[in-house]
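A.B. asks:
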Amino acid sequence: MKRFLSALAIAGLAAGLLSGCGASGDSQANRDTIRIGLAAPISGTQAQYGTAFKNGAELAAAQINEAGGIEGKQIEIVIQDDKGDSNEAVNVANKFVTDKSILGVVGHFNSSATLATAPIYNKNKIVQVSPSSSAPAVTNAGEYTFRVITTDAFQADYLADWSKELGYSKVALIYEQSDFGIGLLDVYQQSAAENGFEVVAAEAFNPGDKDFSTVLTKIKEKQPEAIFIGGFYNEAALIAQQAKKLNLDVDFIGVDSLYSEALLDLGKESVEGFKLIGFFYPGGDNAEATRFNEEYQAKYNSKPDTYAAYSYVATSVIIKAIQEQGAEREAIKSYLETLKDYNSATGVISFDENGDVITEPSRLTIKDSKFELYQ
Amino acid sequence: MFLQQLTNGLTIGVIYALIALGYTMVYGILKIVNFAHGDIFMIGSFLGLFFMQEFQLPLYLAFILSAAVTAGIGMLIERFAYRPLRLADRIVPLISALGVSTLLVSLAQKLWGTEMHPFPTAFGSRTYTFGSITFSEIQILILLLSILLMLGLHLFVTRTKTGTAMRATSMSLTNAALMGINTNRMISLAFAIGSSLAACAGMMVGIYYNAVYPTMGYMAGINAFTAAVLGGIGNIPGAMLGGVLLGLVETLGGAYISTQYKSVISFSILIIVLLIRPSGILGSKEINKV
Amino acid sequence: MIKKTAIAAATVLAIVLPIVLQLVNDYLLHVVIMIGIFSILSLSLNVIIGYAGQFALGHAAFYGIGAYAAALLMLHFHLSFWIALPASAAIAGLFGFLLGSPVIRLRGDYLGIVTLGFGEIVRLIFVGWVDLTRGPMGLPGIPAPSLFGFVFSDKLEFYYLILLLLLITYVVIHRLVHSGVGLSLLTVREDETLAQSVGIRPNYYKLLAFTVGGFFAGAAGAFWATYISYVSPDAFRYLDSVNILAMVILGGAASLPGSVLGAIILVVAPEILRYVSDYRMILLGLAIVLMMIFKPSGFWGEQYRKRNFYGNVKKVGNK
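Chains as they are written, first to last, in the numbering used here: chain C, 119 to 493; chain U, 17 to 306; chain F, 21 to 339.
Encoded structure:
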């Protein structure tokens with residue numbers, strides 16, 4: 119009996135507290151702030167990307183707020199942690215859609231999280247703009263799902279064309295065993311065939327792996343001219359270093375996931391000469407990118423990476439939609455559907471009929487421990 | 017390629033061996049698997065990083081300090097998470113170990129973030145090539161240091177009085193106590209030594225891969241446990257043998273079968289060994305008295 | 021007398037609760053549904069750990085097998101959910117049996133590691149066998165259940181479904197562990213050699229526990245697949261196995277109400293603690309260690325058997 123009572127007490131307390139925080143988020147949209155949701159991995163193994171998202175989004179909001187907000191109302195970024203986990207992402211999505219004051223959501227980071235939550239956002243007719251989910255499946259995820267990153271298909275295809283231009287006849291692939299890496303693999307192999315050069319090896323690694331000596335030794339046998347790293351900057355740095363230790367002298371190529379100061383920090387000399395395509399490059403002609411870079415450094419005292427930039431852009435387009443069409447979920451969606459030629463920090467973007475973005479990348483390389491335009 | 021993969025495998029193997037020693041010593045005395053041992057390895061790595069970055073200490077000093085502090089942490093864990101549970105059901109300290117493991121990883125994530133940290137040293141990055149094999153200075157260091165440490169441990173355990181006392185405790189806790197051995201102290205010592213070895217391994221791995229991050233203990237821990245079991249858990253030379261063997265099999269398996277399923281290969285080895293010969297290669301068959 | 025009114029009150033509460041919650045905040049209903057799912061998982065693991073005493077660490081694998089089986093059956097063979105559910109549960113149960121067979125000879129700690137290894141292997145297969153499972157890209161678009169043409173589209177319907185599944189699970193497991201089979205399981209748990217000497221075959225009962233545990237975990241997985249309409253490998257990792265284990269332990273091993281309580285605590289606590297989510301895992305780890313030291317029988321721990329061998333009533337107490 120005592121036990122039953124104590125259990126009941128705990129459950130009751132929990133329910134009470136829960137309702138407390140639940141109910142507080144359910145006020146009507148008649149507030150003094152404009153609330154935009156941000157769903158990102160704030161904790162967990164991908165927390166670094168979550169932090170980049172958070173910084174980018176908050177910078178976008180802060181800039182508008184300092185200029186007086188939207189019609190006098192301040193923008194508030196409401197952050198929910200999806201821990202990079204699709205289960206948690208679903209919880210977060212449910213939380214957002216039931217909060218009527220949230221006008222739109224920037225998120226998620228992983229393609230699997232975005233895919234898992236797309237049905238929820240679409241069913242509840244709230245816009246979801248992903249800064250980083252590049253899996254091809256996201257194209258058909260729903261009319262309320264947009265993204266400011268190009269698909270893996272586009273990037274891999276572009277990279278394959280560039281590989282041909284660089285004169286490679288034999289390329290090896292080291293790709294992450296994830297939606298991201300596999301997406302890149304498939305398209306690159308196809309484009310390589312079309313372009314007439316050979317992919318001599320395709321080795322997978324699991325995210326978080328740090329020993330690539332086996333993989334690299336295997337690849338060394340095949341004597342490729344270049345290695346395409348289909349993964350993120352952490353593993354790329356490790357791969358570059360270990361290749362050097364094995365006396366494996368090849369070019370390294372990659373997509374925008376490699377663009378980060380962390381690549382330079384972790385890789386040091388071994389990443390010299392990396393070639394990658396990027397949509398965010400502050401040193402070039404994109405005035406928006408340069409401006410973003412400066413303001414980001416002023417506010418956070420560190421350099422932004424691709425994901426901070428994408429998050430900034432994703433938030434900015436939602437803000438722009440609110441500015442142009444009003445603080446209302448449907449209005450935001452209809453505005454984004456027709457958005458064309460928007461000058462952003464990651465290039466001039468237009469959404470196509472699937473909510474995918476059409477834009478041109480820059481070709482970058484690493485020289486003297488800095489990212490530069492490839493000449 | 018075979019020789020090169022052999023070299024790769026050997027390097028990983030001795031690292032597994034070092035960590036495996038910690039598992040095997042604790043198991044030998046307490047008959048429990050310290051699930052948190054892999055995370056102690058991770059803590060050792062982070063501490064080494066911390067000492068070098070915050071205090072600008074030279075490498076060898078960071079090694080010694082990290083080993084010492086990690087030994088202390090290992091003893092603390094034993095004292096507070098395992099000792100009170102010594103008389104409980106078998107399952108209870110195992111769950112407690114799981115709790116400690118979760119605690120350590122999340123603490124590391126809170127203190128140092130979840131990203132990968134590079135190790136701030138250019139030590140040992142020179143490479144040498146002989147024919148088809150290329151290896152780096154750091155690999156030589158790892159090999160030498162590990163062999164030295166293992167030799168040291170072996171001598172300690174067989175030639176010194178304290179070492180013999182430890183072996184006695186692992187044979188029978190109650191009898192050792194009856195002989196006047198301070199068993200609590202022996203247990204603490206086992207944890208201390210195991211943890212400091214793991215810390216050394218942690219630092220070496222940190223330098224070798226130039227990457228330190230909070231979840232690095234998970235796979236390393238499981239692999240080291242596999243190595244310990246393979247060689248015969250509770251048996252110190254067994255742990256060394258098991259480590260090297262596992263490193264070789266894993267690398268060669270990865271090279272010739274599939275790199276992606278490398279962990280499946282190590283898990284499968286573990287399962288097969290446990291099913292066919294649970295006492296391991298060098299272990300002795302345990303007789304379960306009723 | 022009191023018990024009957026309690027049950028009546030609980031029934032009314034269970035039926036009315038979702039309607040009330042939906043009015044307050046739809047999200048809360050989602051939380052309750054998650055509690056339902058995890059209660060089933062916790063109960064299924066309790067059969068293996070609490071009643072049979074097998075320290076099994078890879079339980080999320082069965083959950084995942086059930087989810088993937090349901091997803092594939094519904095997507096590729098267009099089976100209705102009502103067929104996919106028992107089929108997936110059966111498949112998961114089969115895997116429980118398959119895993120159990122080689123493993124039952126092993127002792128506590130070894131068992132834990134091997135089951136952990138199995139859990140990892142299953143996950144790696146989910147991730148690696150792209151042709152079957154689409155790997156990390158997951159299987160989207162799983163249809164919702166439909167009953168006589170009415171398609172489940174609102175959380176309310178899913179709530180009643182999970183409530184029904186939970187009740188079935190609870191009743192079946194309850195009948196199982198409070199029968200002769202249950203006593204045999206407990207005997208095996210306490211002392212295998214003794215059990216053998218009185219004619220109870222430990223292997224049979226341990227395998228039974230694994231199969232039953234796998235079965236219900238698979239059912240929970242099937243429900244998950246249709247509720248979220250998307251399965252991907254990252255829902256079934258080692259961490260998730262630890263989470264379910266923690267629910268069993270915190271609630272009390274070998275205690276059915278304890279499992280449900282454990283599920284409630286561990287689903288609700290992260291929600292409340294969202295504000296301190298950084299410290300969540302630290303607190304969880306600490307909580308597990310402290311629980312083991314101070315209250316290893318959990319918050320709603322196992323009660324002593326009321327009658328001993330001679331039929332006399334023993335004083336009821338904590339373990």
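Cβ coordinates follow ideal geometry from the N, Cα and C atoms, glycine included. This structure is a prediction, so every number in the text was calculated from the model and none was measured.
Determine which residues share a DSSP beta bridge with Glu490(C) and list them.
C.D. replies: In DSSP, Glu490(C) forms a bridge with Thr483(C).
A.B. asks: The beta strand (DSSP E) spanning Ser100(F) covers which residue range?
C.D. replies: Unbroken run through Ser100(F): none, as it is neither H nor E.
A.B. asks: Determine the chain C residues that contact Gly129(U) at a beta-carbon separation under 9 Å, and present them in chain order.
C.D. replies: Going along chain C in sequence order, the residues near Gly129(U) (Cβ under 9 Å) are Ala165, Gln166, Thr169.
A.B. asks: Which residues does DSSP pair with His133(U) in a beta bridge?
C.D. replies: Note: His133(U) sits in a beta bridge opposite Val228(U).
A.B. asks: Starting from Ser331(C), find everything on chain U with Cβ-Cβ shorter than 7 Å and list it in chain order.
C.D. replies: Here the neighbours are Asn24.
A.B. asks: Against chain C, which members of the stretch 143 to 157 of chain U pass a CB distance test of less than 9 Å?
C.D. replies: Answer set for the stretch 143 to 157 of chain U: Thr143, Thr145, Thr150, Phe151, Ser152, Ile154, Gln155.
A.B. asks: In the stretch 89 to 158 of chain U, which residue ranges form an unbroken beta strand (DSSP E) of at least 3 residues, counting only runs that do not cross its ends?
C.D. replies: The qualifying runs are 143 to 146, 149 to 152.
A.B. asks: Taking C-beta pairs closer than 7 Å, name the residues in chain F that Thr216(C) reaches, listed in chain order.
C.D. replies: Near Thr216(C) (Cβ distances below 7 Å), the residues of chain F are Asn45, Asp46, Tyr47.
A.B. asks: Check for me: the beta strand (DSSP E) holding Tyr277(U) runs from which residue to which?
C.D. replies: Where Tyr277(U) is concerned, there is no enclosing beta strand (DSSP E), given that its DSSP letter is neither H nor E.
A.B. asks: Closest by CA to Arg455(C), which one among Asn461(C), Phe323(C), Ser468(C), Ser462(C)?
C.D. replies: A quick correction: the sequence has Glu, not Arg, at residue 455(C). Comparing Cα-Cα distances from Glu455(C) to each of Asn461(C), Phe323(C), Ser468(C), Ser462(C), the minimum goes to Ser468(C).
A.B. asks: At 3 residues or longer, and completely inside the stretch 190 to 275 of chain C: list those beta strand (DSSP E) runs for me, N to C.
C.D. replies: With a minimum length of 3 residues, the continuous beta strand (DSSP E) runs that stay inside the stretch 190 to 275 of chain C are 192 to 199, 220 to 224, 245 to 248, 263 to 265.
A.B. asks: Kindly confirm or deny that the stretch 212 to 226 of chain F and the stretch 83 to 101 of chain F touch, where touching means at least three C-beta pairs closer than 8 Å.
C.D. replies: Counting Cβ pairs under 8 Å, fewer than three are found: no touch.
A.B. asks: Going by other Cβ atoms of all chains shown within 10 Å of its Cβ, with 16 needed for buried, is Met219(U) buried or exposed?
C.D. replies: With 16 or more Cβ atoms within 10 Å of its Cβ, Met219(U) is classed as buried.
A.B. asks: Answer yes if the stretch 201 to 221 of chain F comes into contact with the stretch 122 to 135 of chain F, meaning at least three C-beta pairs across the two stretches below 8 Å, and no otherwise.
C.D. replies: No, the stretch 122 to 135 of chain F does not touch the stretch 201 to 221 of chain F.
A.B. asks: Here's the rule I'm using: 16 or more other beta-carbon atoms within 10 Å means buried, otherwise exposed. How should Leu92(U) be labelled?
C.D. replies: Exposed, by the Cβ-count rule.
A.B. asks: List, from N- to C-terminal side, the alpha helix (DSSP H) runs of 4 residues or more that fit wholly inside the stretch 255 to 285 of chain F.
C.D. replies: Within the stretch 255 to 285 of chain F, the complete alpha helix (DSSP H) runs of at least 4 residues are 258 to 271.
A.B. asks: Identify the residues that DSSP records as bridge partners of Phe160(F): which are they?
C.D. replies: Before going on, a small fix: residue 160(F) reads as Pro here, not Phe. In DSSP, Pro160(F) forms a bridge with Tyr250(F).
A.B. asks: Given that Met132(U) touches chain C, what residues does it touch there, using C-beta distances under 7 Å?
C.D. replies: Here the neighbours are Asn352, Leu384.
A.B. asks: Can you tell me the Cα-Cα spacing of Leu264(U) and Gly254(U), whole angstroms?
C.D. replies: One C-alpha to the other measures close to 15 Å.
A.B. asks: Spatial neighbours of Gly202(F) within its chain, please: C-beta separation below 7 Å, excluding the five flanking residues on both sides.
C.D. replies: Excluding positions up to five away in sequence, the list reads Tyr71, Leu196.
A.B. asks: Helix, strand or coil for Val201(F) per DSSP?
C.D. replies: The answer is helix: DSSP assigns Val201(F) an H, G or I state.
A.B. asks: Considering only the alpha carbon of each residue, which of Ala278(C), Phe392(C), Ser252(C), Gln198(C) lies closest to Phe214(C)?
C.D. replies: When each option's Cα is compared against that of Phe214(C), the closest is Gln198(C).
A.B. asks: Identify which residue in Ile28(U), Thr178(U), Ala208(U), Leu161(U) has its Cα closest to the Cα of Met5(U).
C.D. replies: For chain U, the structure presents residues 17 to 306; residue 5(U) sits outside this window and is missing.
A.B. asks: Report yes if the C-beta distance between Ala113(U) and Phe51(U) is below 8 Å; otherwise report no.
C.D. replies: Yes, the pair counts as a contact, with Cβ atoms nearer than the cut-off.
A.B. asks: My assumption, with CB atoms under 8 Å, is that Gly382(F) sits in contact with Ile300(C). Please give the rounded CB distance.
C.D. replies: Here chain F has residues from 21 to 339 only, and residue 382(F) is not among them.
A.B. asks: Report the residue ranges of all alpha helix (DSSP H) runs contained in full by the stretch 342 to 398 of chain C; include only those spanning at least 4 residues, in chain order.
C.D. replies: Qualifying alpha helix (DSSP H) stretches, in chain order: 351 to 363, 379 to 385.
A.B. asks: CB-CB under 8 Å to Glu406(C), same chain, minus the five flanking residues each way: which ones, in chain order?
C.D. replies: Here the set comprises Asn461, Ser462, Ala463.
A.B. asks: Suppose the cutoff is 6 Å on Cβ atoms and the five residues either side in sequence are ignored; what does the same chain contact list for Gly326(C) look like?
C.D. replies: So the list is empty, once near-sequence residues are dropped.
A.B. asks: Candidates Ala320(C), Ala311(C), Phe410(C), Ala290(C): which alpha carbon is nearest Gln181(C)'s?
C.D. replies: Closest option to Gln181(C), Cα to Cα, is Phe410(C).
A.B. asks: Mapping the DSSP letters down to three states, classify Ser296(C) as helix, strand or coil.
C.D. replies: Ser296(C) falls in the coil class under three-state DSSP.
A.B. asks: In the stretch 239 to 272 of chain U, which residues sit with their C-beta less than 7 Å from some C-beta in chain C, listed in chain order?
C.D. replies: Taking 7 Å as the Cβ-Cβ cut-off against chain C, the residues of the stretch 239 to 272 of chain U that qualify are Thr267, Gly270, Ala271.
A.B. asks: With H, G and I counted as helix, E and B as strand and the rest as coil, what does DSSP make of Glu446(C)?
C.D. replies: DSSP places Glu446(C) in coil when its eight states are reduced to three.
A.B. asks: Can you pull the DSSP bridge partners for Tyr460(C)?
C.D. replies: For Tyr460(C), which the question treats as bridged, DSSP gives the partners Ile467(C).
A.B. asks: Given a threshold of 16 other Cβ atoms within 10 Å of its Cβ, counted over all protein chains shown, does Ser100(F) qualify as buried or as exposed?
C.D. replies: It is exposed - the Cβ of Ser100(F) has fewer than 16 other Cβ atoms within 10 Å.
A.B. asks: Between which two residues does the beta strand (DSSP E) containing Leu156(C) stretch?
C.D. replies: 151 to 158 is the span of the beta strand (DSSP E), which, as asked, contains Leu156(C).
A.B. asks: Beta-carbon within less than 6 Å of Ser282(U)'s beta-carbon, same chain only, minus the 5 sequence neighbours each way: which residues are those?
C.D. replies: Excluding sequence neighbours, Ser282(U) sits near Asn239, Thr242, Glu266.
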